[in-house]
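Student: The structure follows.
Protein chains: 2
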Amino acid sequence: MKISAMLGQRFKETPAECKIDSHIFMIRGGYMKRVGEGIYSLLPPGLRIVKKIEKIIREEMNRIDGQEVLMPVAIPATLWKESGRFESVGSELLRFKDRGGVDMVLGMTHEEAVVHLARHTAESYMNYPFMVYQIQTKFRDEPRSRGGLIRVREFTMKDAYSFHTSQEDLEDYYKKCHKAYERIFARAGVPEVISVQSDSGMMGGKIAHEFMLITEIGEDRLVICDECDFRSNMEVAECIVEDIEGEVQELKCVETPHCKTIEDLCEFLSIKPEQTCKAVMFLKKNSLEPVVVFVRGDLEVNETKVQNYLHEEIIPDDNSTDTGICYGFVGALNLNFKKNGTVLFDNSLKGMKSMVCGANKENYHYTGVNLERDLDKPVEYNDFAKAYQGGICPCCGKKTISLCRGIEVGNIFQLGTKYTKAMEMQYIDKDGKPQYPIMGCYGIGVGRLAASVCEAKHDANGPIWPMSIAPWQVHMCAIRPDNEEVAKAANGLYETLQDMGVEVIFDDRKVSAGVMFADADLLGVPVRVVISPKTLGRGVVEVSFRDKSFKGDISLDNAAGEIKKIVKEQLAKFDI
Amino acid sequence: MKISAMLGQRFKETPAECKIDSHIFMIRGGYMKRVGEGIYSLLPPGLRIVKKIEKIIREEMNRIDGQEVLMPVAIPATLWKESGRFESVGSELLRFKDRGGVDMVLGMTHEEAVVHLARHTAESYMNYPFMVYQIQTKFRDEPRSRGGLIRVREFTMKDAYSFHTSQEDLEDYYKKCHKAYERIFARAGVPEVISVQSDSGMMGGKIAHEFMLITEIGEDRLVICDECDFRSNMEVAECIVEDIEGEVQELKCVETPHCKTIEDLCEFLSIKPEQTCKAVMFLKKNSLEPVVVFVRGDLEVNETKVQNYLHEEIIPDDNSTDTGICYGFVGALNLNFKKNGTVLFDNSLKGMKSMVCGANKENYHYTGVNLERDLDKPVEYNDFAKAYQGGICPCCGKKTISLCRGIEVGNIFQLGTKYTKAMEMQYIDKDGKPQYPIMGCYGIGVGRLAASVCEAKHDANGPIWPMSIAPWQVHMCAIRPDNEEVAKAANGLYETLQDMGVEVIFDDRKVSAGVMFADADLLGVPVRVVISPKTLGRGVVEVSFRDKSFKGDISLDNAAGEIKKIVKEQLAKFDI
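Protein chains in written order, with numbering that gives the first Met the number 0: chain C, 0 to 575; chain X, 0 to 575.
Below, the structure written as structure tokens:
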């Protein structure tokens, strides 16, 4: 394609709304254009990358016996009512009525639609296992879209669903799919993507992994062991603490004027946070009943763990609901609620011989609290705390926990029978009995992956696309195209390369070399070929790599063949 | 792919909701499954056909320098408000609000989105002309979906938009695109698709063509000349009538008791319908003001022509609005409305010397009406009548008009500056002046084309897919796969064909030959290969074509090579 004919503009200025590099470069490079909040149109360079990623995904899904299907974007709400998610999912599920007043949703994920598709279609155990997938538009009404294609409302997703007659079979397939995902990310140029244990969230099911690209700008907090293979999303990472030395002390109620925070309290009493028992307050989202989580003073509460334990959503208690509790001085002893309330204790408090803890009375705390001794009934401890930097690895037991951030570029879930049971999908087993199939589901956001690769592979001037997904393979710059010799040589090379099947973007404009090179940097094509009066004077074209690993002359006579060879060599790196 | 592993079932019974062959076969053959009103999921055979059609379309769009882009499904209503269509388009445009209360629409066509994409992106005349296209999901909230993929609410569409700096340039490109469409339909196996002049409807613009597959089950009525190239949609086909011989007569008011229809009137007065002047009543949709169209009694009124003339929508007058007119006896003389009303005269009345016409008085008609003589002011005649079988061709003048029906599989429009003006998209011309680009747009419904091919190419047992878009190229049936020799030969051939790049669907199930062949007929794959103990006894496989044009034995030893040759030969027919 000739740049002069291509729709799209490239420019220097960073638009105000662009905060991260991939977003900046994909807007500045003319890859996409914002249409609305979290909604983009893709211009040719952006779509070409997306299509190449889709091809890689398709090949890997077919390799593990996936069958491509296509389910609708607009789905009758009846299906989501069957699964219960029409009610349970928040307003990120876009609901609307059609002209006949029928409730509909825009598909944000397709468990319901795929069960509808497979129900009554796979009625014998002989039809199992199978996996179907689609590459289709999804809409998720995110409250906060951000980072260009990193978090959008409308996006192209590959979603796959497998159906099995046993948990073992699902687990086998789950491993296969995990491998396929590793291949996909490696082929897309980001082999550094890692998988972490994750929360299954609104999907249901127990075992789930997210594939993460580690980066400062990631939204997810990750917990990784520097010594062993332990890798987990913060949401589910177990928090293990060392026991604190200490002696049993007498329970005393002491005045602690205005000490509403752990910090104030520690300063006032000259103690360390780990000697305190902190109360963190939430409300159940539906009933607005209070939930108090006690945790060692140096730790934070992990909301996801609390929600998973309660099986319901919680929100931070902003003190605007009259719960009857004494904010700033909440403690485990003599804690009373106006109506109902829930009290939870984190594992970190287990075995603590003596702690400082709120007295549920303005300006007073207890010291010497020993929960086993001082509470009327036995205490149940659970894991509600966040893992922390330098903490103990739940896997190898060393103090080697690191925290970092990542972008989730894919996820896989073992769903179990949640959807097949709710939607009454059954098959007849070998013994003639009806059974519910066991499901897995497997997602990759295509646009987000493209943006993530850009985030991982760029320099100050633009993206450095891997050859496997680059919008074009070769970027030709004809400097002084008004020079007859340049025009002839450049057009000839362009035609020859195209005939050879090389994907070429050809800058044929009458602009300065500076503009051309800046644009080439923004388009991030791996191999650049410059033809100018100067290079022709030497009988060569100048070839350089976008990643700066090579720059040199190639004789004009065999330029096409040599360039094709370079492209093939670079592509071969992704043949895994 | 092995049928045993493929999701989907084939069956004999015709589902009650299926009325036309393509719908029947695509449901019975497991190509798709209904999800809701006008909404389907595609199973592997259906999606494979669709993807092949998409590939053909993509190649032909690229051949005429199209650039593929991707615009959103969910579009902020602001863009549709800019063009005015947020208000002007009916409830087939699905409107909704997002979680923030922002008005949105589901894209049913993308003129607004493409102008948004190209606006400020193509600011110099040097960027022109260009064409961008997408293959994307659309949603059109049809009041009546029907015929499976023929008329759905959610569908995949290729929509292309070209931008030009002169009408001549648009016209040149329009012709190119017309040719590209002919190539697309020929390559998809329906070279018999014709283009007809059409109404531009809600798209705006003046010149438009529809590509039609002629078939009894088509929704569109077409007007075609048997002698010349005249081909038009009924909506816009000019109606030309021969003058009726007659003499000027005296105007008389006669009693015509209960003669409310032309039929009754003709019987009562012993005259022919062409001697009468018929009144056809409509209401303007917005104001409910009456519109009376007078037309010769043997002709019908073409609503589209009336709407185009009035530049507003009309609905039939069902007599429920108090217009002040005397239904059943409406005539051109002394016609009074309660408030405002519009009176129109069709060309067929021009020069009529003497007609019978309602007297605007219960049970009375005038005879001897001569409009020029009897009306106070000069009459303006226009073309409001429907063309009719045996009528006069507006092109060659012979009485050779035929009526038939067709399915619209594609359309092309010259839009002009309707959208660029409304949405303020400009470029700077050679003289430095701002100008509005001139647009064309070009659509093809991918699923509808698949269904139309099926409608055109099938027998009583199922589709007969052209090799170019068939879900697979070869359908292998292993009869008695429990027979070791059959299993070995069949699996061997299956592997070899796949290695050779032939697309094979392999029926490896332990079912009767009858079931296998019925399923093979439903899948409609062009080449069938049967391996059984009997054929192996002869050292051969049996090869037959789905269209019954060939059946014969091929030696097992060189079966793969021969089959590949057959496939290549059949594919070559579509290399145009």
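Just so it is clear, CB atoms sit at the ideal spot from N, CA and C, and this is done for glycine as well.
From the DSSP output, which residues share a beta bridge with X/Asn490?
Tutor: None, per the DSSP bridge assignment.
Student: Quick one: what's got a C-beta closer than 8 Å to C/Asn589's C-beta in the same chain, skipping five residues either side?
Tutor: Because chain C in this structure spans residues 0 to 575, residue 589 of chain C falls outside the shown range and cannot be described.
Student: Any C-beta of chain B sitting closer than 8 Å to the C-beta of C/Pro433?
Tutor: Protein chains in the displayed structure are C and X, and chain B is not among them.
Student: Assuming X/Cys265 is part of the alpha helix (DSSP H), what are its boundary residues?
Tutor: First-last of the alpha helix (DSSP H) with X/Cys265: 261 to 268.
Student: Can you confirm whether the region 388 to 395 of chain X touches the region 231 to 241 of chain X when touching is taken to mean that 3 or more C-beta pairs between the two stretches lie within less than 8 Å?
Tutor: Yes, the region 231 to 241 of chain X is in contact with the region 388 to 395 of chain X.
Student: Can you list, in chain order, the residues of its chain with a C-beta nearer than 7 Å to that of X/Tyr124? Leave out the 5 residues immediately preceding and following it.
Tutor: Excluding positions up to five away in sequence, the list reads Thr164, Tyr426, Ile427, Asp428, Lys429.
Student: Hey, how far is the Cα of X/Trp464 from the Cα of X/Ala517?
Tutor: Answer to the nearest angstrom: the Cα atoms are 15 Å apart.
Student: In the DSSP assignment, what are the bridge partners of X/Arg186?
Tutor: Beta-bridge pairing links X/Arg186 to no other residue.
Student: Please check if any C-beta of chain C sits within less than 8 Å of the C-beta of X/Ser82.
Tutor: It does not: the Cβ of X/Ser82 has no partner Cβ on chain C nearer than 8 Å.
Student: What does DSSP give as the partner residues of C/Val540 in its beta bridges?
Tutor: In the DSSP output, where bridge partners are listed per residue, C/Val540 has C/Ile553.
Student: Quick one: what does DSSP say X/Asn362 is sitting in, helix, strand or coil?
Tutor: It is coil, neither helix nor strand.
Student: If I follow the unbroken beta strand (DSSP E) through C/Asn232, where does it start and stop?
Tutor: Segment 230 to 232, the beta strand (DSSP E) holding C/Asn232.
Student: When the Cα of C/Arg537 is compared with those of C/Phe573, C/Ser90, C/Asp498, C/Glu484, which residue comes out closest?
Tutor: That would be C/Glu484, whose Cα lies nearest to the Cα of C/Arg537.
Student: Between C/Thr108 and chain X, is there a C-beta pair that is closer than 8 Å?
Tutor: Not closer than 8 Å to any Cβ of chain X, the Cβ of C/Thr108 fails to qualify, so no.
Student: On a Cα-Cα basis, can you pick out the residue from X/Glu122, X/Phe24, X/Lys50 that is closest to X/Lys432?
Tutor: Here the closest residue by C-alpha is X/Glu122.
Student: In this structure, what does DSSP give as the bridge partners for X/Met31?
Tutor: The partner list for X/Met31 (beta bridge, DSSP) reads X/Leu41.
Student: When Cβ atoms are compared, which residues of the region 38 to 60 of chain X fall closer than 9 Å to chain C?
Tutor: Within the region 38 to 60 of chain X, the qualifying residues are Ile38, Tyr39, Ser40, Leu41, Leu42, Pro43, Gly45, Leu46, Arg47, Val49, Lys50.
Student: One question on the structure: do C/Arg139 and C/Met107 come within less than 8 Å of each other, judged by their Cβ atoms?
Tutor: Against a cut-off of 8 Å, the Cβ pair of C/Met107 and C/Arg139 comes out as a contact.
Student: Among residues of its own chain, excluding the 5 on either side of C/Met424, which ones have a beta-carbon nearer than 6 Å to its beta-carbon?
Tutor: Excluding sequence neighbours, C/Met424 sits near Val114, Arg118.
Student: Measure the beta-carbon distance from X/Phe184 to X/Phe210 and round it to whole angstroms, keeping in mind my assumption that it falls under 8 Å.
Tutor: At roughly 6 Å, the Cβ-Cβ gap stays under 8 Å, so X/Phe184 and X/Phe210 are in contact.
Student: Roughly how many angstroms lie between the CA atoms of X/Lys157 and C/Val510, to the nearest whole one?
Tutor: For X/Lys157 and C/Val510, the distance between alpha carbons rounds to 35 Å.
Student: Under 8 Å: do the region 352 to 363 of chain C and the region 263 to 280 of chain C share three or more Cβ pairs, one atom per stretch?
Tutor: As far as the Cβ criterion goes, the region 352 to 363 of chain C touches the region 263 to 280 of chain C, which means the pair count is three or higher.
Student: Taking the beta carbon of C/Arg372 as the centre, do at least 16 other beta carbons fall within 10 Å, making it buried, or is it exposed?
Tutor: Exposed: under 16 other Cβ atoms inside 10 Å.
Student: Pull up the distance between the alpha-carbon of C/Leu618 and that of X/Lys175, whole angstroms please.
Tutor: Because chain C in this structure spans residues 0 to 575, residue 618 of chain C falls outside the shown range and cannot be described.
Student: Starting from C/Val378, trace the alpha helix (DSSP H) in both directions and tell me its first and last residue.
Tutor: No alpha helix (DSSP H) contains C/Val378, which DSSP labels as neither H nor E.
Student: Could you please give the first and the last residue of the uninterrupted beta strand (DSSP E) stretch that includes X/Cys476?
Tutor: Unbroken beta strand (DSSP E) run through X/Cys476: 473 to 477.
Student: Would you tell me roughly how many angstroms separate the C-alpha atoms of C/Ser90 and X/Ala384, rounded to the nearest one?
Tutor: If you take the alpha carbons of C/Ser90 and X/Ala384, they lie about 52 Å apart.
Student: Could you give the distance in angstroms between the alpha-carbon of C/Ile149 and the alpha-carbon of C/His457?
Tutor: Their backbone Cα atoms lie some 16 Å apart in a straight line.
Student: For X/Phe229, decide whether its Cβ has a neighbour in chain C, counting only Cβ atoms nearer than 8 Å.
Tutor: Output row for X/Phe229: interface = no.
Student: Looking only at C-alpha atoms, which of C/Val151, C/Tyr160, C/Ile565 sits nearest to C/Val34?
Tutor: Here the closest residue by C-alpha is C/Val151.
Student: How would you list, in chain order, the residues of chain X whose beta-carbon sits under 7 Å from the beta-carbon of C/Glu67?
Tutor: Correct list: Pro43, Leu46.
Student: From X/Lys567 to X/Phe573, what does the alpha carbon distance come to, in whole angstroms?
Tutor: Looking at the two C-alpha atoms, the distance is approximately 10 Å.
Student: Quick one: residues in its chain with C-beta nearer than 6 Å to the C-beta of X/Glu299, no 5 flanking neighbours on either side, listed in chain order?
Tutor: So the qualifying residues of the chain are Lys385.
Student: Select from C/Asp316, C/Leu522, C/Asn61 the residue whose C-alpha is nearest the C-alpha of C/Arg182.
Tutor: With distances taken between Cα atoms, C/Arg182 lies closest to C/Asn61.
Student: With 8 Å as the threshold, decide whether the Cβ of X/Leu6 is near any Cβ in chain C.
Tutor: With 8 Å as the cut-off, X/Leu6 counts as an interface residue toward chain C.
Student: To the nearest angstrom, how far is it from the Cα of X/Gly296 to the Cα of X/Ile261?
Tutor: Near 7 Å, if we compare the C-alpha coordinates of X/Ile261 and X/Gly296.
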